Amino acid sequence: MSTPPPLAGGKNGPDALRPLLETALGALTEGAGTRGGPLPSGGPATVAIRVREAAGDLLPTHGTGAENALRTLVGAVAAGAADPADPLCAAHLHCPPLAIAAAADLAASALNPSMDSWDQAPAASALEALLTATLAAEVHGPGTGDALITTGGTESNQLALLLAREHAATRGHPLRLLTGANAHHSLRRAAWLLGLPEPVTVPAPAGVLDPAALDEALSELTELTELTELSGPSGPSERTGRAGRSGPAATVLVAATAGTTDAGLIDPLTDIADLCAIHGARLHVDAAYGAGLLFSDTHRPKLHGLERADSVALDLHKLGWQPAAAGILTVRDPADTRALDHRADYLNADDDTEAGLPDLLGRSLRTTRRPDALKIAVTLKALGRTGLGALVDQVCDRARELADLVAAHPRFDLYDKPAISTVLFRPTDADDEYIAHVRRTLLDNGTAVLGRAQLDGRRWLKATLLNPHIRTEHLTALLTLVEGTSHR
Ligand SMILES: *Cc1c(COP(=O)(O)O)cnc(C)c1O
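The sequence shown begins at 11 in our numbering and counts up one residue at a time.
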């Protein structure tokens, strides 16, 4: 048998990687050149044909060799990419990763620590512990809280519900989720996954959770609670204080949003935290998008009250410029994470843990887990708070500028001033159907990637600005493109 292909790790790994990297990087350059815009032109069928032609047989009897496979497939994916590094790629919370983060992620791939036991990740797990403490302190205050690394807001929201459910269970309560109509779809799905009752939805008429409506919903749940208690087997004597906390009543988890997916708006966090305290409800804040504002002196005050949440979801693959995945769930009370404690003899036997080997299995519901902490830690250290804050300021400034351009434009309507970096707008005279058509035309042409959102009973085009290199000329180019497509 011939020699097996070289490995990425070990003393010789870097030397084996170097020429392959040259090939891969060359294919990236070439692919971006072929594409020439934010998206490949021609739509899904055309792209699929191009990929099929370039790929050929994906499991040939005899392989084509590293050089050929890298060049053709990396090249095909790059040529057909929706590239968030292109200033006109602005549909989703899909950020262009920083080169520094991608470089660190390559090192992580080469070393391949697995975060499910210490003997697979000695230093990586120690670094992860430092990072999670740093991020928990950033959200909840110095020396406070803990954090878990996740694959993103979806997993963070699931974990938040799970931890809340288990926390409620220790007091004999079922959990009831209460969200705004503006909450991310993953919360409802998490409630379904965890077997929770149908969530209570509070209206968000202006795109944010309305505190008066929340107060009313919480009072109603509390009232139901009292009725259950009075008629229930345990009776009123079981009542231990605030009605919402007592008897067979449900514990309510309020899930607020800091940075809604559609409009980038921030729920009134202080009011919500006050109401949760009054009604004895737990608070989770889905700040998957908005938490990045913490790094900016200018924008951090918008998150006032976030520190009071029992748990917070933040995605550094949004305002954090990490390659996916870089999700975090912080908790104010580190004891909450004990719900994830779990034993598997081969990974965290009691005697190993007693002998001092850190127990990593309880840090996630996953088993094998990538060291996403490395790229995040490298980025935070390289840029520092001011470096990251400047990137946040930059995208927020450009969003405000785009909103101003839209507002001043005779043929466009603006939804609202951006709270973060999302701008919703629509051609003044277009109907909803036509707005969807404009978006798809731009996708087909490969000239711009815009999102869509349904708000106020109307459809809007959505620009989510996450590219810190975007400039005024790109914003005007974007509006010109939309205007050019808007003529029937
Ligand atoms: C992006 C986002 C999510 C989902 O996060 P993923 O990282 O895609 O799993 C959840 N909530 C909000 C508010 C988001 O912006």
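Glycine residues also receive a C-beta, built at the ideal position from the N, C-alpha and C atoms. Owing to the predicted nature of the structure, the values given are computational and were not obtained by experimental measurement.
Report the rounded CA-to-CA distance for P215 versus D466, giving the unit in angstroms. The residue you call residue 215 lines up with position 205 of the sequence shown. The residue you call residue 466 lines up with position 456 of the sequence shown. One C-alpha to the other measures close to 8 Å.
As a quick check of your reading: which residues have a C-beta less than 5 Å from at least one non-hydrogen atom of ligand 1, in chain order? L103, G162, G163, T164, H194, T271, D296, A298, Y299, D325
Meets three-Cβ-pair contact criterion under 8 Å: the region 388–400 and the region 451–470: no
Sorted by chain position, which residues of the same chain lie with C-beta nearer than 6 Å to D362's C-beta, five sequence neighbours on each side aside? The count along the sequence shown starts at 1 and reaches residue 362 at position 352. Nothing listed; no residue qualifies.
Report yes or no: do the region 432–449 and the region 364–382 share at least 3 C-beta pairs separated by less than 8 Å? no
Can you list, in chain order, the residues of its chain with a C-beta nearer than 6 Å to that of V149? Leave out the 5 residues immediately preceding and following it. As a first step, residue 149 is located in the sequence shown; it is residue number 139 there, counting from the start. Within the same chain, Cβ atoms closer than 6 Å to the Cβ of V149 are found at V322, T340, the five residues on either side in sequence being excluded.
Assuming A383 contacts E138 (C-beta within less than 8 Å), just tell me the rounded distance between them. Residue 383 sits at position 373 when you count from the first residue of the sequence shown. Residue 138 sits at position 128 when you count from the first residue of the sequence shown. Correct: roughly 4 Å between the Cβ atoms.
Within a Cβ cutoff of 7 Å, which residues of the same chain sit near T378, ignoring the five residues on either side of it in sequence? As a position in the sequence shown, residue 378 is number 368, starting the count at 1. Sequence-distant Cβ neighbours of T378 in its own chain, meaning closer than 7 Å and more than five residues away, are S124, D126.
Bridge-paired residues (DSSP) for Q464: Start at 1 with the first residue of the sequence shown, and residue 464 comes out as number 454. Note: Q464 sits in a beta bridge opposite R469.
List the endpoints of the continuous beta strand (DSSP E) containing I59. To locate residue 59, count along the sequence shown from 1; it is residue 49. First-last for I59: 53–65, but that is the alpha helix (DSSP H), not the beta strand (DSSP E).
So the beta strand (DSSP E) P437 belongs to, where does it begin and stop? What you label residue 437 is simply residue 427 of the sequence shown in a count that begins at 1. Run containing P437: 432–437, per the beta strand (DSSP E) assignment.
Rounded separation between L481 and G85 - CA only: Against the sequence shown, residue 481 aligns to sequence position 471. Against the sequence shown, residue 85 aligns to sequence position 75. Before going further, note that residue 481 is Arg rather than Leu in the sequence given. Distance between the alpha carbons of R481 and G85 is about 28 Å.
Should A461 go down as buried or exposed, given a rule of 16 or more other Cβ atoms within 10 Å for buried? Start at 1 with the first residue of the sequence shown, and residue 461 comes out as number 451. Inspection of the sequence shows that residue 461 is occupied by Gly rather than by Ala. It counts as buried.
Locate the beta strand (DSSP E) running through D296, then write down its first and last residues. Locating residue 296 in the sequence shown gives position 286, counting from the first residue. 292–296 is the span of the beta strand (DSSP E), which, as asked, contains D296.
Relative to the C-alpha of L80, which residue among R62, D441, L38 is closest? Within the sequence shown, residue 80 is the residue found at index 70, counting from 1. Checked all of R62, D441, L38; the closest Cα to L80 is L38.
Return no unless some Cβ of chain D is closer than 8 Å to the Cβ of S196. You won't find chain D in this structure, because it holds only one protein chain.
Mind checking who I288 pairs with in its DSSP beta bridge? The residue you call residue 288 lines up with position 278 of the sequence shown. Looking at the DSSP assignment, I288 forms no beta bridge with any residue, so it has no partner.
Start-end ranges of the alpha helix (DSSP H) lying completely within the region 342–429, minimum 4 residues: 355–358, 360–364, 382–418
Can you give me the Cβ contacts of F305 inside the same chain, cut-off strictly under 7 Å, excluding the 5 residues immediately before and after it? In the sequence shown, residue 305 corresponds to position 295, counting from 1. Only R395, L398, G399, V402 meet the Cβ criterion.
Please confirm whether G163 and D284 have their CB atoms less than 8 Å apart. Here residue 163 is taken as the residue at index 153 of the sequence shown, counted from 1. Here residue 284 is taken as the residue at index 274 of the sequence shown, counted from 1. Not closer than 8 Å, so no.
Between Y425, R450, A34, which lies nearest to T495 when the distance is taken from Cα to Cα? The residue you call residue 495 lines up with position 485 of the sequence shown. With distances taken between Cα atoms, T495 lies closest to R450.
Stretch-stretch touch, CB-based, cutoff 8 Å, three pairs: the region 57–77 with the region 111–120: Segments in contact, no.
Give the straight-line distance between the Cα atoms of P132 and L279, rounded to the nearest whole angstrom. Here residue 132 refers to the residue found at position 122 when the sequence shown is read from its first residue. Here residue 279 refers to the residue found at position 269 when the sequence shown is read from its first residue. So the alpha carbons of these two residues sit roughly 39 Å apart.
Using the Cα positions of Q416 and D423, report the straight-line distance between them to the nearest angstrom. Residue mapping note: residue 416 aligns to position 406 of the sequence shown, counting from 1. Residue mapping note: residue 423 aligns to position 413 of the sequence shown, counting from 1. Rather than Gln, the amino acid found at residue 416 in this sequence is Val. Taking the straight line from one Cα to the other gives about 7 Å.
Among T56, N455, P50, which one has its Cα closest to the Cα of A92? Here residue 92 refers to the residue found at position 82 of the sequence shown. Cα-wise, what sits closest to A92 is P50.
Assumed close pair A223, V262 - CB separation to whole angstroms, cut-off 8 Å: Counting from 1 along the sequence shown, the entry for residue 223 is found at position 213. Counting from 1 along the sequence shown, the entry for residue 262 is found at position 252. Going by Cβ atoms, the distance from A223 to V262 rounds to 14 Å, so no, they are not a contact pair.
For A487, the three-state DSSP class (helix, strand or coil): The residue labelled residue 487 in the question sits at position 477 within the sequence shown. Reduced to three states, the DSSP call for A487 is helix.
The beta strand (DSSP E) with T164 in it runs from where to where? To locate residue 164, count along the sequence shown from 1; it is residue 154. Not the beta strand (DSSP E): T164 falls in the alpha helix (DSSP H), residues 163–179.
Are the CB atoms of A266 and G151 within a distance shorter than 8 Å? Mapped onto the sequence shown, residue 151 falls at position 141. Mapped onto the sequence shown, residue 266 falls at position 256. No, they are not a contact pair.
With a threshold of 6 Å on Cβ separation, who are the neighbours of E176 within its own chain once the five nearest residues in sequence on each side are excluded? Within the sequence shown, numbered from 1, the residue matching residue 176 stands at position 166. Counting only Cβ-Cβ distances below 6 Å, and skipping sequence neighbours, we find A349.
Straight-line CA distance for A409 to A345? Residue numbering aside, residue 409 sits at position 399 when the sequence shown is read from its first letter. Residue numbering aside, residue 345 sits at position 335 when the sequence shown is read from its first letter. One C-alpha to the other measures close to 40 Å.
Check for me: the alpha helix (DSSP H) holding I110 runs from which residue to which? Within the sequence shown, residue 110 is the residue found at index 100, counting from 1. Residues 109–121.
Using only alpha-carbon positions, find the residue among R28, K21, A88, S12 that is nearest to R45. For this step, residue 45 is matched to residue 35 along the sequence shown. Ranking the options by Cα distance to R45, first place goes to A88.
Beta-carbon separation of K328 and L203 under 8 Å? As a first step, residue 328 is located in the sequence shown; it is residue number 318 there, counting from the start. As a first step, residue 203 is located in the sequence shown; it is residue number 193 there, counting from the start. No; because the gap between Cβ atoms is not below 8 Å, this pair is not in contact.
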